[in-house]
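*Asks:* Chains as they are written, first to last, in full-length UniProt numbering: chain E, 1 to 107; chain W, 1 to 107. Built from N, CA and C at the ideal position, the CB exists for glycine as well. This structure is a prediction, so every number in the text was calculated from the model and none was measured. Take a look at this one; I'll ask things after.
2 protein chains.
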Amino acid sequence: MEITLAALHGRWTTLVVRELLRGDHSYSELRVALPTLSDKVLSDRLTQLGEAGVVERDRQPGWPPRVRYALTPRGQRLGPVLQALWDWGAQAPREDGAEISCGTSLL
Amino acid sequence: MEITLAALHGRWTTLVVRELLRGDHSYSELRVALPTLSDKVLSDRLTQLGEAGVVERDRQPGWPPRVRYALTPRGQRLGPVLQALWDWGAQAPREDGAEISCGTSLL
DNA sequence: CTGTATCCTGAACGATACTG
DNA sequence: CAGTATCGTTCAGGATACAG
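Below, the structure written as structure tokens:
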């Protein structure tokens with residue numbers, strides 16, 4: 001559990017993972033999708049996630065430089081985890097019973 | 001999802017919740033079960049979790065003061081969430097396939 | 001017993017500017 | 001395009017002492 005929390009450490013990490021769950025992205029695509037993150041933080045998170053074995057960096061030769069970020073198999077398995085986080089947050093306001101009916105997905 | 005992460009905010013929050021998933025506890029029982037937390041942090045987490053509607057504080061009259069902390073129904077529903085975090089962390093080291101066979105539980 | 005008050009440190013965050 | 005460097009701010013966390 002500590003491992004997971006360490007991998008997801010940081011306020012924005014889950015958002016980055018969520019974005020990559022939809023498919024791989026370039027750096028600028030991530031920047032557009034997550035405008036609240038500064039360059040530094042986005043870079044930090046990508047590095048951290050790389051070290052955690054969650055994302056893979058694919059640098060393509062040529063000019064201009066193109067880099068694609070994709071989830072590793074291990075990263076893909078974070079899908080259910082994020083879904084669990086999402087679900088609890090979505091149903092949390094209700095005291096008990098009577099959950100939100102539709103099967104909302106985070107994707 | 002932000003709601004969930006806000007509720008679980010802090011390095012030690014999940015450990016407090018995990019402890020309370022086993023049943024309600026007094027303050028001193030929590031302190032013994034979680035020796036790594038300073039008084040301040042434990043108090044902070046309990047207050048935060050109270051405001052998040054996850055734990056309930058039950059102050060009993062008389063002397064010496066006795067207080068019991070218990071999860072609300074909403075807090076109980078964090079069980080599967082923590083389990084998801086636990087599971088990912090437990091299987092993460094393996095690249096793919098061949099998971100840890102036993103159905104380890106965090107409780 | 002059950003906490004709160006205070007002070008301190010280190011880490012995350014955010015903005016901006018700059019490099020390969 | 002894809003980042004890194006630097007700097008200042010903010011905030012969680014740890015230790016200790018004190019209070020209801």
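What are the complete beta strand (DSSP E) segments, minimum 3 residues, inside the UniProt domain "HTH hxlR-type" (1-97) of chain W?
*Replies:* Taking only runs of at least 3 residues, the beta strand (DSSP E) segments lying wholly in the UniProt domain "HTH hxlR-type" (1-97) of chain W are 55-60, 66-71.
*Asks:* Please state whether the Cβ-Cβ distance between residue 54/W and residue 71/W is less than 8 Å.
*Replies:* Position 54 of the second sequence, counting from 1, holds the residue named residue 54/W. Position 71 of the second sequence, counting from 1, holds the residue named residue 71/W. Yes, the pair counts as a contact, with Cβ atoms nearer than the cut-off.
*Asks:* In or out: residue 4/E buried (at least 16 other Cβ within 10 Å) or exposed?
*Replies:* Locating residue 4/E in the first sequence gives position 4, where the first residue counts as 1. By the neighbour-count rule (16 or more Cβ atoms within 10 Å), residue 4/E is buried.
*Asks:* What does residue 37/W reach in chain E if we use C-beta pairs closer than 8 Å?
*Replies:* The count along the second sequence starts at 1 and reaches residue 37/W at position 37. Simply none; closest approach about 14 Å.
*Asks:* Can you find the residues in the same chain that come closer than 8 Å, C-beta to C-beta, to residue 33/W, ignoring five residues on each side of it along the sequence?
*Replies:* Position 33 of the second sequence holds residue 33/W. Taken in chain order, the residues that qualify are 19, 25.
*Asks:* So, is the C-beta of residue 22/E closer than 8 Å to a C-beta in chain W?
*Replies:* If you number the first sequence from 1, residue 22/E lands on position 22. So, not an interface residue.
*Asks:* Could you work out which residues of chain W lie near residue 16/E, taking near to mean beta carbons separated by less than 9 Å?
*Replies:* Taking the first residue of the first sequence as 1, we reach residue 16/E at position 16. Near residue 16/E there are no residues of chain W at all, since even the closest Cβ is about 12 Å away, more than 9 Å.
*Asks:* Does the Cβ of residue 107/E have 16 or more other Cβ atoms within 10 Å, making it buried, or fewer, making it exposed?
*Replies:* Stepping through the first sequence from its first residue, residue 107/E is reached at position 107. The residue is exposed, with fewer than 16 neighbouring Cβ atoms inside 10 Å.
*Asks:* With 8 Å as the limit, tell me which residues of the segment 41-69 of chain W have their beta carbon closer than that to any beta carbon of chain E; keep them in chain order.
*Replies:* Within the segment 41-69 of chain W, the qualifying residues are 53.
*Asks:* Candidates 11/W, 23/W, 37/W, 14/W: which alpha carbon is nearest residue 69/W's?
*Replies:* Counting from 1 along the second sequence, the entry for residue 69/W is found at position 69. Considering only alpha carbons, the answer is 23/W.
*Asks:* Assuming residue 49/E and residue 13/E make a contact with CB atoms under 8 Å, what is their CB distance in whole Å?
*Replies:* To locate residue 49/E, count along the first sequence from 1; it is residue 49. To locate residue 13/E, count along the first sequence from 1; it is residue 13. Right, the Cβ-Cβ distance comes to about 7 Å (below 8 Å), so this counts as a contact.
*Asks:* Going by C-alpha to C-alpha distance, which of 87/E, 62/E, 27/E sits closest to residue 45/E?
*Replies:* As a first step, residue 45/E must be located in the first sequence, where it is residue number 45. Minimum Cα distance to residue 45/E is reached at 27/E.
*Asks:* Between the C-alpha atoms of residue 8/E and residue 8/W, what's the straight-line distance to the nearest angstrom?
*Replies:* Indexing the first sequence from 1 puts residue 8/E at position 8. Indexing the second sequence from 1 puts residue 8/W at position 8. Answer to the nearest angstrom: the Cα atoms are 12 Å apart.
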